[in-house]
Amino acid sequence: MASLARREDEEIMAESHRIIAERNAAKEAAFKETIVAPNNNGNDADLLKKEVILPLDGETGGNSSKRLQSPQITQEISDDSFSSDCSSSEDDDYDDFSGENNSSSGIDYSDDNSDALDDLFPRDPSANLITKQVQKLLKEAYRRESRLWTQEMTKQFKKVAPTLKYEIFPTTGRISNHYICKHAKWNAHIWVHFWFLRVMFGPIACSRQPWFAKLAAEHPWVLDEADEGVVPEDTASILSSKTTTWTPKIQDP
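Just so we're aligned, residue 1061 is where the sequence shown starts under the working numbering, counting upward by one.
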């Protein structure tokens, strides 16, 4: 079973890199020189014009040389290549989110407006300590990364983010068991689901999902290096221990 999972992981990764390689090759082929003829007055010299090629990183304008996971990432989830049919009791009342909630569109999410960030990443006041840490890391990642987003990306994120339930329970400590992954749909908003999942479970676990190859083809920035996920492998034991303090061990890429 483990070898099958590894083989599926390798196939997904290979497909991701194949798509990105084809995309980059197509962009390089499109780069060409054209001669602009002088105007009717004959006063202009011939001009050499080069076609402008957009950055290969897509919307973020990041460094495309950063590819996939940092070698420092240690979180391994062997069965995450499966979309998972298993469900938990906490998942029963999960709403079908498609980003139709527009209530947050007019809120100021600037760095100094912490209350607005609470609205962007809402949680129950009685949430467990892992969920609280997840919210903290989501806020930090948003402050850091949203500066690079286009207006359309920002609009989509603010529309969808408040609808995503990121709570962690003993049964949702693996990416394939979590609501956000199980309810991810292929539409214009799936990158928001990926963004949440990458903060929570790390880039390696995300790259094993069946939708990742297509997402990487449309948004190459998802292949950039990123921190490992905040959710620990021993989620169930931490929550069952009733401990009141816990700090995630995260290393920068």
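Just so it is clear, CB atoms sit at the ideal spot from N, CA and C, and this is done for glycine as well.
Beta-carbon gap between residue i and residue j smaller than 8 Å
{"i": "Pro1222", "j": "Leu1180", "result": "yes"}
{"i": "Ala1244", "j": "Trp1271", "result": "yes"}
{"i": "Ala1187", "j": "Val1259", "result": "no"}
CB-CB length for residue i against residue j, believed under 8 Å
{"i": "Tyr1226", "j": "Phe1256", "result": "6 Å"}
{"i": "Ile1228", "j": "Val1291", "result": "6 Å"}
{"i": "Thr1295", "j": "Gly1233", "result": "3 Å"}
{"i": "Ala1273", "j": "Glu1075", "result": "4 Å"}
{"i": "Pro1263", "j": "Ala1277", "result": "Not really, about 16 Å apart at Cβ, beyond 8 Å."}
Reference residue i, options the options, closest by Cα
{"i": "Arg1203", "options": "Ile1250, Phe1217, Glu1212 and Lys1192", "result": "Phe1217"}
{"i": "Val1220", "options": "Leu1299, Pro1308, Pro1182 and Ala1296", "result": "Pro1182"}
{"i": "Phe1254", "options": "Leu1189, Leu1198, Gln1193 and Glu1212", "result": "Leu1198"}
{"i": "His1238", "options": "Phe1272, Arg1078, Asn1247 and Leu1224", "result": "Leu1224"}
{"i": "Leu1275", "options": "Ala1187, Thr1210 and Ala1248", "result": "Ala1248"}
{"i": "Val1252", "options": "Ser1206, Thr1231, Arg1268 and Pro1308", "result": "Ser1206"}
{"i": "Leu1299", "options": "Asp1184, Pro1185, Ala1176 and Leu1189", "result": "Leu1189"}
Helix, strand or coil at residue i according to DSSP, with G and I counted as helix
{"i": "Ser1300", "result": "helix"}
{"i": "Tyr1226", "result": "coil"}
{"i": "Ala1176", "result": "helix"}
{"i": "Gln1216", "result": "helix"}
{"i": "Asp1294", "result": "coil"}
{"i": "Ala1014", "result": "With the chain represented from 1061 up to 1313, any question about residue 1014 goes unanswered, as that position is not in the structure."}
{"i": "Trp1246", "result": "coil"}
{"i": "Phe1181", "result": "coil"}
Residue i versus residue j - alpha carbon distance
{"i": "Ile1240", "j": "Asp1178", "result": "18 Å"}
{"i": "Lys1242", "j": "Ile1235", "result": "9 Å"}
{"i": "Thr1214", "j": "Arg1067", "result": "36 Å"}
{"i": "Ser1297", "j": "Gly1289", "result": "17 Å"}
{"i": "Arg1078", "j": "Trp1281", "result": "15 Å"}
{"i": "Glu1293", "j": "Pro1308", "result": "11 Å"}
{"i": "Ser1301", "j": "Val1194", "result": "19 Å"}
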